[in-house]
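Asker: Below you will find the structure I want to go over with you.
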Amino acid sequence: MALVTGAGRGIGLETAIDLSRRGWRTHVVWRENNREKLEERFPGRVHRGDVTSEDDCRRIVGAVLEVDDRIDGVVHAVGEYTPGPLESMGADDVRHMLESNTLSAFTLIRALRTQLRLDRGAYVFFGAAGVEGLRARGDAAAYFMAKTALLSLVRSVAKEEAPFGVRVNMLSPGLVPHEHASEDTKALAGSVPSGRPGRGADLAHAAAWLLSDEAEHVTGQNMDVAGGWML
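Per the numbering used here, the very first residue in the sequence shown carries number 50; after that it's consecutive.
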């Protein structure tokens with residue numbers, strides 16, 4: 050059984066669809082839009098909530114367990130993007146990036162920790178290509194700051210949870226144009242070394258592998274799925 054947050058659109062939705070096609074009983078979490086379409090694809094397994102809220106996270110986990118009595122895999126695809134240098138940001142902008150990209154992951158982990166230990170499950174989080182390099186990123190400084198913090202969180206939780214058989218990993222996409230992608234992502238899509246921009250399916254397939262038994266000895270890792278972007 051899999052739980053996918055941020056599944057209303059983009060990479061989260063594609064990952065949820067891919068897992069369902071592979072035979073996973075897939076629960077999805079959304080915050081706005083697409084309720085009817087999600088219900089068609091994932092009947093009885095659609096949950097609305099804000100994963101930065103501890104109350105919402107606990108409620109969602111409880112609702113999932115009422116339908117399916119275990120949680121084997123979690124894909125956290127929540128994380129908004131705000132471009133621009135820090136000079137253009139206010140404290141509220143930075144706070145929003147940290148809450149959306151980092152605090153949401155921490156809050157979800159807290160709500161799931163006991164159940165994932167019981168089920169010896171696995172987490173997958175989404176970062177951003179290039180975070181390992183700790184380079185200055187004037188084009189989206191607050192966003193990359195939040196994703197760097199997320200990587201630190203992933204590795205810390207991976208070490209804490211490894212004795213319980215729980216795996217925690219991160220996938221870092223490069224440029225993945227889609228309907229809701231930022232304009233700078235769309236404009237740079239032709240710059241990827243591999244010759245094409247990323248697709249949601251690239252991330253979905255990698256997430257499915259990390260959740261599978263084939264990756265049972267992989268934890269605390271960050272994998273760029275970016276076609277060479279940011280090398």
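C-beta atoms are modelled at their ideal positions from N, C-alpha and C, and glycine is treated no differently. Nothing here was measured: the structure is a model prediction, and the numbers come from that model.
Closer than 6 Å by C-beta to V95: which residues in its own chain qualify, once you throw out the five before and the five after it? Chain order, please.
Answerer: Contacts found: V77, L87, E88.
Asker: Let me know the alpha helix (DSSP H) ranges lying completely inside the region 126–191, each 4 residues or longer, listed in chain order.
Answerer: Entirely contained in the region 126–191, the alpha helix (DSSP H) runs reaching 4 residues are, in chain order, 140–147, 153–168.
Asker: Taking the alpha-carbon positions, what's the M219 to V203 distance?
Answerer: Each residue's Cα considered, the two are about 7 Å apart.
Asker: Alpha carbon to alpha carbon, what distance is there between G277 and M194?
Answerer: About 21 Å.
Asker: By the 10 Å Cβ neighbour count, where 16 or more other Cβ atoms means buried, how is K208 classified, buried or exposed?
Answerer: Exposed, by the Cβ-count rule.
Asker: Quick check on this structure: which residue in L68, G187, D104, S205 has the alpha carbon closest to the alpha carbon of N271?
Answerer: Taking only the C-alpha atoms, the option nearest N271 is S205.
Asker: Between which residues of its own chain and I60 is the CB-CB distance below 6 Å, once the five residues before and five after are set aside?
Answerer: Taken in chain order, the residues that qualify are A126, G249, L252.
Asker: Note down the Cα distance separating R84 from R108, rounded to an integer number of angstroms.
Answerer: Cα to Cα, R84 sits roughly 18 Å from R108.
Asker: Using the C-alpha atoms, what's the distance from R58 back to E129?
Answerer: Spanning the two alpha carbons is a distance of roughly 12 Å.
Asker: What residue range is occupied by the uninterrupted alpha helix (DSSP H) comprising A250?
Answerer: 249–260 is the span of the alpha helix (DSSP H), which, as asked, contains A250.
Asker: Looking at C-alpha atoms only, which residue of R144, T131, F213 is the closest neighbour of D188?
Answerer: Comparing Cα-Cα distances from D188 to each of R144, T131, F213, the minimum goes to T131.
Asker: Tell me which same chain residues have a C-beta within less than 8 Å of the C-beta of G244, skipping the five on either side of it?
Answerer: If we look at G244 and ignore the five residues flanking it on each side, its Cβ neighbours are G276.
Asker: Write down the C-beta distance between V180 and L157 rounded to the nearest angstrom, noting that I regard them as a contact closer than 8 Å.
Answerer: Wrong, their Cβ atoms sit about 19 Å apart, outside the cutoff.
Asker: Buried or exposed for F175, going by 16 or more other Cβ atoms inside 10 Å?
Answerer: Burial call: buried.
Asker: State the CB to CB distance for the pair V225 and P246, rounded to an integer number of angstroms; the pair is presumed to be in contact (CB under 8 Å).
Answerer: Yes, they are in contact, since the Cβ atoms of V225 and P246 sit about 6 Å apart, within 8 Å.
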